[in-house]
Each structure stands twice: as C-alpha cells, then as structure tokens.
Amino acid sequence: MFTELNSILNTSPESFTPGEFILLSDRQSDASFLIHHFLSFYLKARCKVCFVALVQSFSHYHAVSQRLGVSLTQAKEKGQLIFLEGLKESLSVFLPQEENPDHQAMSFLRDPAAGLRSLYEFVQSSVVGSSGGGGASAEQWGPPVLLMDDVSVLLSLGVRVGAVLDFSHYCRTTVCSQLQGDVVMLVRCDGEAEEDYADDEGSEQLMRGLTHQSCLTLHVQGLPTGYCRDIHGQVEFCWKKRQSDGQHAPKKVFQFKVHDKGVSFFARGTSRAVL
Amino acid sequence: MAAPVKSVDKPPAECSPLNFTSFQKKSRSKSLSIPGTRPSVQNGQLLVSSGVTSLDYLLGGGLAVGTVLLIEEDRYDSFSRMIFKYFLAEGVVCRHELFVAAAQDDPDDILQELPAPILDDVAIHRPGEQPRMSCEPQDTLDAMKIAWRYQNLPKVQSALASSSRFGHYYDVSKTMEPEIRQAAKWHRFYHPEHPPLSSGTHSPKLESYSALLKSLRDVIQREGFDLTAPLPKSRNILRVGLHSLGSALWGDDLCCHDNPKNVHALTSFLYGLRALLRTSLSVAVVTVPSHLIQDRALMGSITRLCDNAIALESFKGSERETNPLYKDYHVLGRWDNLGTKRREKPPACTSGTSSELFGKSSPRPQGSGL
Chain F
1 MFTELNSILN TSPESFTPGE FILLSDRQSD ASFLIHHFLS FYLKARCKVC
51 FVALVQSFSH YHAVSQRLGV SLTQAKEKGQ LIFLEGLKES LSVFLPQEEN
101 PDHQAMSFLR DPAAGLRSLY EFVQSSVVGS SGGGGASAEQ WGPPVLLMDD
151 VSVLLSLGVR VGAVLDFSHY CRTTVCSQLQ GDVVMLVRCD GEAEEDYADD
201 EGSEQLMRGL THQSCLTLHV QGLPTGYCRD IHGQVEFCWK KRQSDGQHAP
251 KKVFQFKVHD KGVSFFARGT SRAVL
Chain G
1 MAAPVKSVDK PPAECSPLNF TSFQKKSRSK SLSIPGTRPS VQNGQLLVSS
51 GVTSLDYLLG GGLAVGTVLL IEEDRYDSFS RMIFKYFLAE GVVCRHELFV
101 AAAQDDPDDI LQELPAPILD DVAIHRPGEQ PRMSCEPQDT LDAMKIAWRY
151 QNLPKVQSAL ASSSRFGHYY DVSKTMEPEI RQAAKWHRFY HPEHPPLSSG
201 THSPKLESYS ALLKSLRDVI QREGFDLTAP LPKSRNILRV GLHSLGSALW
251 GDDLCCHDNP KNVHALTSFL YGLRALLRTS LSVAVVTVPS HLIQDRALMG
301 SITRLCDNAI ALESFKGSER ETNPLYKDYH VLGRWDNLGT KRREKPPACT
351 SGTSSELFGK SSPRPQGSGL
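See below:
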C-alpha cells in the first residue's frame, strides 16, 4: 500500500467508497505496481479479495506483498484471499493429464471464441460465497473485491473483445452493484494513442470500452521525453463522477518513482532530482 | 589466524585425523547453489548468464531463472542465431542441461556449431584422468613444509572451474571441441520428427506447438527441474532454446498471411511456456522472425508475453552500413520489453524505445563477446 497514493485518491483502508470500478491502464509502460498497491490495500482493509492473476505466479505477488507488509499465504489460509493462478491452471487445459481433474476457471481456453462464462462463474462463486453468511467459525470480511491482472492477455489467448467487455460488465454488476464491492482491472495497450492503427483495434477497443465502464481510471505512461533514472513515468488520474466534497478536479497528473519498498508520487516538475 | 572454532554438532573426538581443525563454516543461507548461477543484487532472483557479457549487463546481471527472452531475428538470422548459440554454449560450459527445438536445422547441427569457449586459465576436464585428490601424504619431495595445510588439496583443478565464473568468452572462429560438447546432457525436438497427431480438441493452438510444449513438460518433469515436485539433491538449470518460432516451417502462417488463420497459436504457446517456466528451474530463449510478421499488434502481444525482448537489426545490406556512426558495429539492438520482474530498478541505459548499440567488430578474431 502506498501512502502517497492513498492521499491522492483520498482513501484509506478504513474508509473507501464502495461499489467502484477502478481501471488501471498503461501504454508502453508497466502499471503492475498499482495492482500490488490495491492488493495490499484491500487486504489491509479486511475485504474479501478474489484475485485473478493471469500473467504472474503466486510467488511473485507473494514476494512483492511481503515487502509491502502483507502476507498472501496467511490471507489465503484465513480465507480472506481467493487466488486464481491462471498460468498453472492453463497448463492443465493445454496439456491435459488424465489424473488431474479439470479446473473450471480456465476451461474457456479450450474454446476461447465461445466466451468467458467459466471464468465469470468462478468469480461469482468466490465473491458470493463471502456474503452468504458462513458458520460461526468463518470470519466476517468486508465487501468483496475483484482484482484482475491483466485483462489484455485474454485477447492474446483468442478471446474476442466483446466477450471480455461482457465479462467485465457481468463482474461489475455482481460485485459493484449487487454486493457493493470494488472491481480493479489492469489493461495494457501497446501502440500510440494518436495514430490510428487498424490492426490494434483489439486492445484499443478494449481499453476504451473499459474506460467507459469505469468510474476511476489510473493511466500509466512513460515520460514523453524518454528515459529518466529518477522518474519512472507519469500517472494520470481521471474521476468520472464528482467526489463528495465536489471540489475535485476530474483529472490529475503525477509523476512517480518506484523504490524497493514503495512508490513515491510527486507533482510534475518536483522530482527530487530536479529540485 | 583465529584459533580453530569447535563445530556445533561434532565433538572434538570425532574429528577425522586429517582435518587439522574442527572448524566448520555454518552456511546460513538456504539459497540454491547451482553452478553457473548467481543471485541478483537487486532482488535476489537467481540469474544465469546469457553467454554474452554485455547482454548480461543490459539485462540487469543476467537472465532470471523462470523467464523468457525473446529475440526478434535480424533479416538473415545471422546475429540472432549467434546469440542463440552463445546461450547454448554457455549452458554447456556451465554444465547446465539443454533443450533445443528447431524446425529448420537439426538440433544436432546447431550444437556442432557452438563457439569454442576460451578457458586458457583452467584445465579442461578429461574424463579419463584421475583426479589428483588423495588422502595419503605425497612423496617426501612434494611434502610441503610451510604451507602444510594445503597438502591435501589437488594440485590441478581437474574439473571445469565454471562454477566460480559467471559468463565466459567465446572464440567465434572455432567451434567447441567435441569432448566438451559431449559432456553436456541435452534434449532435442526437431519438428519434422514429430508428425501431427490427430487430436480431437479444437483449441487455437497448433499441433506443432502443442507437441513442443508437451515434450518440454515431459523433460522438465522427468529430469527433475519441476519446482512443484520434490527436487533431487543436485539441482541444475535447464536452458531451453527455441529457434524461429512463428516461421512457416513450424506450420504457422503468421509470417505468410496478412490475416493468419491461427492468430493466437503462437501467443497461446508462449503463455503455456511462461506457465511451464515459472514453475521450473529453467530459462528460455526464443527467436521469432518478426520482420516477416506484418501485424504490429500481434508482435506487441508476443513481446508482452515474454519477460525480456530485444530486436536485432543487422547492418548488412541496409543503408546503415555506410553510415559513419555505425562503422564499428555490426548490429543494432533495440530493447522492447524491460521485464516486469525487475521493475524496481530498470537497467542503466535503456528505456522502452531507446536503442542500444552493440556488436563491435574487433580486429582480433578471438575473445570479444558481442
């Protein structure tokens, strides 16, 4: 959890607006540090987290979260975290072995053109199970949260853009509207925004569609002037609806630098290297 | 020198008579100590050398175990092939196991063309020779009077001392000697040897890629590289070299058509490869003829599925050959993907789109890595 990011977003683990769809996007950069922030943020906020990790292994997130002060294995044991390791489960679909039972969540890989129904059913069973009132031994967690890292790899695996947008809409309805939880998704884009690539309409379409569905967007980009050792990029915050105090500007831009144990955000031009 | 420290678990009476001291170094770290690897200074990941020392520097110390390096081939596949062979040669010198897959050349031929390592300071391992370690004292002529503590050490290091060095230099003008090459354990996958099976699943993957993935998974599980299974006592690294994936010889039409039929076959394979590597002690180098692929978005998704990507552009035959800026260099390398596993400290001299020159031509035929 990055404290500076919390102050920019005006949230804290004790009080955050429920029912939000937060979109993390990047263009020719890497926004995965934001996923680590939100993962540790919601775990510290005692929410029930369903994490669909499609591009990295569990040990990767575990190692980074330990540096941020959260233990993923403990959260998994307590039942607070449901972790879908997409890489591992995809192997059992690509290389089926008779003795291994078929894992449901990634079975869409067998026929990606058909859609993401199996993945949605997995998400639904994980988040609905929390609010379904467990026994006396089950701890009561906060509102459910769905984290996805990352959505654009589904396009590489053969899923259509429309199917991914449908999936995100279903997740938003279930988690945000019905259960008053949050959804955080990461989408990655490759090309330049200005040029109109006819071939990259897949990920551009997906990013535009998800931006339309979201209420808060954090867009990570590299610096337009190139590489800098002290500034690793800039983040653009975009709020859709007005905040409760009504004073917020809808857009803010900050620059950031990634450290070993956190990320520091600063206004443009106020990097320590410059001042 | 300090007085000998009593070891924690052995009483002094049980010390072997040849150990003059009962000092035992307590090794606190449980990290794997596999020859040819070293932990990264940034985040403790296990790194192996790619064979090219300057490339190791650009990668932040070396290739991380469990990751994929994508090399976008240059036009005539000359320098990408050279880096491919350097990677395999480094594996032979470090006693790692190799897995070589190709559709165009027989993997045996690729292995015979490996460059010769420069090992002039270390004796080459000859399997027939007896190691000179012996417990009984040497002849009185050889008995040491002053440095008597070193009496029982072997006179000549009879094994390749590659575990102490990370990264070697190679002589491209010579090929590796057969004795060194044959000491290496390796596995092959030659695509024409695997006829297509009739599979009932209509997955987007091609049968050639499925067979390759299955063969790699079988090697990983059989030879003990799988991290989910209990590992054998002596651990090793598997170096996976996949040559020219996506080319027509693999049965893929990515390079032939503007709108290929199996658009997601290669990306699905790379996803499965990533899954296999993350759970095993292996590292992969994949070369792709990207100059034949018209779809830039597809190249972008291929690049993002690999942890590191470099694109090579050879100067031969291009207009840059006569540009005076590039006269000392053979090839231009472009960094496409910084790698997400080491995001805390990006390497010192590259960004997402900047280029890095390497490939100096040197007047001496030997020694300079690319």
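Heads up: the sequence lines are chains F and G, in that order.
Following full-length UniProt numbering, the residues of the first sequence are numbered contiguously, the last one being 275.
Following full-length UniProt numbering, the residues of the second sequence are numbered contiguously, the last one being 370.
Virtual Cβ for every residue (Gly too), placed ideally from N, Cα, C.
As the structure is a computational prediction, the values presented were derived from the model and not from experiment.
If you compare alpha carbons, which of the options is closest to residue i?
i: residue 403/G; options: Arg165/G, Thr175/G and Arg235/G; result: Because chain G is modelled from 1 through 370, residue 403/G falls outside the range shown and cannot be assessed.
i: Gln104/F; options: Lys78/F, Ala114/F and Tyr120/F; result: Tyr120/F
i: Gly31/F; options: Lys257/F, Gly269/F, Val274/F and Phe266/F; result: Going by the sequence as given, residue 31/F is Ala instead of Gly. Minimum Cα distance to Ala31/F is reached at Lys257/F.
i: Gly129/F; options: Glu201/F, Gly79/F, Lys241/F and His37/F; result: Gly79/F
i: His264/G; options: Asp307/G, Ser50/G, Ile237/G and Ser210/G; result: Ser210/G
i: residue 284/F; options: Thr11/F, Leu5/F and Glu20/F; result: Given that chain F is displayed from residue 1 to residue 275, the structure contains no residue 284/F and the question cannot be resolved.
i: Arg165/G; options: Ile118/G, Glu207/G, Arg181/G and Gln182/G; result: Ile118/G
i: Glu4/F; options: Pro18/F, Ala273/F, Phe254/F and Lys76/F; result: Phe254/F
i: Leu70/G; options: Gly61/G, Leu270/G, Leu212/G and Arg296/G; result: Leu270/G
i: Arg81/G; options: Ile220/G, Arg38/G and Asp105/G; result: Asp105/G
i: Lys174/G; options: Thr303/G, Ser301/G, Pro115/G and Ile293/G; result: Pro115/G
i: His50/G; options: Asp77/G, Tyr76/G and Cys94/G; result: Before going further, note that residue 50/G is Ser rather than His in the sequence given. The residue with the shortest Cα to Cα distance from Ser50/G is Cys94/G.
i: Ala311/G; options: Leu305/G, Asp74/G and Asp108/G; result: Asp74/G
i: Cys255/G; options: Gly60/G, Ile293/G, Asp171/G and Phe84/G; result: Ile293/G
i: His194/G; options: His187/G, Leu276/G, Trp186/G and Glu207/G; result: Glu207/G
i: Tyr42/F; options: Pro224/F, Gln28/F, Gly158/F and Leu72/F; result: Leu72/F
i: Thr173/F; options: Glu204/F, Val127/F and Leu155/F; result: Val127/F
i: Val285/G; options: Ile110/G, Asp307/G and Gly300/G; result: Asp307/G
i: Arg188/F; options: His60/F, Thr17/F, Ala267/F and Asp26/F; result: Asp26/F
i: Pro289/G; options: Val283/G, Asp253/G, Leu277/G and Ser268/G; result: Asp253/G
i: Lys241/F; options: His212/F, His169/F, Phe266/F and Gly222/F; result: His212/F
i: Gln28/F; options: Pro250/F, Pro224/F, Ser264/F and Val274/F; result: Pro224/F
i: Glu14/F; options: Tyr170/F, Leu210/F and Gly142/F; result: Gly142/F
Tell me which residue opens and which closes the alpha helix (DSSP H) that residue i is part of.
i: Gly73/F; result: The question names Gly, but residue 73/F is Thr in the sequence shown. That run of the alpha helix (DSSP H) goes Leu72 to Lys78.
i: Tyr61/F; result: Phe58 to Arg67
i: Val92/G; result: Phe79 to Val93
i: Gln205/F; result: Glu201 to Gln213
i: residue 280/F; result: Lying outside 1 to 275, the shown extent of chain F, residue 280/F is not represented and no answer is given.
i: Thr270/F; result: Careful: Thr270/F lies outside any alpha helix (DSSP H) and carries neither H nor E.
i: Leu111/G; result: Pro107 to Gln112
i: Thr53/G; result: Thr53 to Leu58
i: Leu292/G; result: No alpha helix (DSSP H) holds Leu292/G; DSSP gives it neither H nor E.
i: Leu9/F; result: Thr3 to Leu9
Have a look at the DSSP bridge pairing and note the partners of residue i.
i: Tyr170/G; result: Pro117/G
i: Gln234/F; result: Gln221/F and Gln255/F
i: Glu85/F; result: Ala53/F
i: Asn308/G; result: Leu69/G
i: Lys261/G; result: Partner(s): none; Lys261/G has no beta bridge.
i: residue 378/G; result: Lying before the first or after the last residue shown, residue 378/G is absent from chain G, which here runs from 1 to 370.
i: Leu91/F; result: Paired residue(s): none; Leu91/F is not in a bridge.
i: Lys48/F; result: Pro144/F
i: Ser12/F; result: Ser15/F
i: Thr175/G; result: Pro115/G
Since residue i is in the beta strand (DSSP E), which residue starts that stretch and which ends it?
i: Phe41/F; result: No beta strand (DSSP E) contains Phe41/F, which is instead part of the alpha helix (DSSP H) from Ser32 to Lys44.
i: Ser264/F; result: Val263 to Ala267
i: Glu97/G; result: Glu97 to Ala102
i: Thr37/G; result: Thr37 to Pro39
At 3 residues or longer, what runs of the beta strand (DSSP E) sit wholly inside the region 265-289 of chain G? 282-288
Which full runs of the alpha helix (DSSP H) of 4+ residues lie inside the region 179-244 of chain G, going along the chain? DSSP runs (the alpha helix (DSSP H)) wholly in the region 179-244 of chain G: 207-222.
Hey, which unbroken runs of the beta strand (DSSP E) at 3 residues or more fall wholly within the region 139-194 of chain F? 144-149 and 182-189
Quick one, which residues of the region 81-106 of chain G are near chain F if we go by CB-CB under 9 Å, in chain order? Within the region 81-106 of chain G, no residue has a Cβ lying closer than 9 Å to any Cβ of chain F.
Anything in the region 258-269 of chain G with a Cβ closer than 8 Å to a Cβ of chain F? List those residues in chain order, please. Val263, His264, Thr267 and Ser268
For the region 62-80 of chain F, which residues have a beta carbon sitting closer than 7 Å to at least one beta carbon of chain G? none
Taking beta-carbon pairs under 7 Å, can you tell me which members of the region 281-300 of chain G lie near chain F? Asp295, Arg296, Ala297 and Gly300
Give me the subset of the region 253-265 of chain F whose CB atoms are less than 8 Å from a CB atom of chain G, sorted by chain position. Val258, His259 and Asp260
Using Cβ-Cβ distances below 7 Å, what residues of the region 83-95 of chain F are close to chain G? Leu87, Lys88, Ser90, Leu91, Phe94 and Leu95
Using a beta-carbon distance cut-off of less than 8 Å, what residues from the region 171-191 of chain F approach chain G? Arg188, Asp190 and Gly191
Under 9 Å (Cβ pairs) to chain G, residues found in the region 18-50 of chain F: With the criterion set as a beta carbon lying under 9 Å from some beta carbon of chain G, the members of the region 18-50 of chain F are Gln28, Ser29, Asp30, Ser32 and Phe33, in sequence order.
Interface residues of the region 154-168 of chain F facing chain G [CB-CB below 8 Å]: Leu155, Ser156, Leu157 and Gly158
What residues in the region 203-227 of chain F have a beta carbon less than 8 Å from any beta carbon of chain G? Answer set for the region 203-227 of chain F: Ser203, Gly222, Gly226 and Tyr227.
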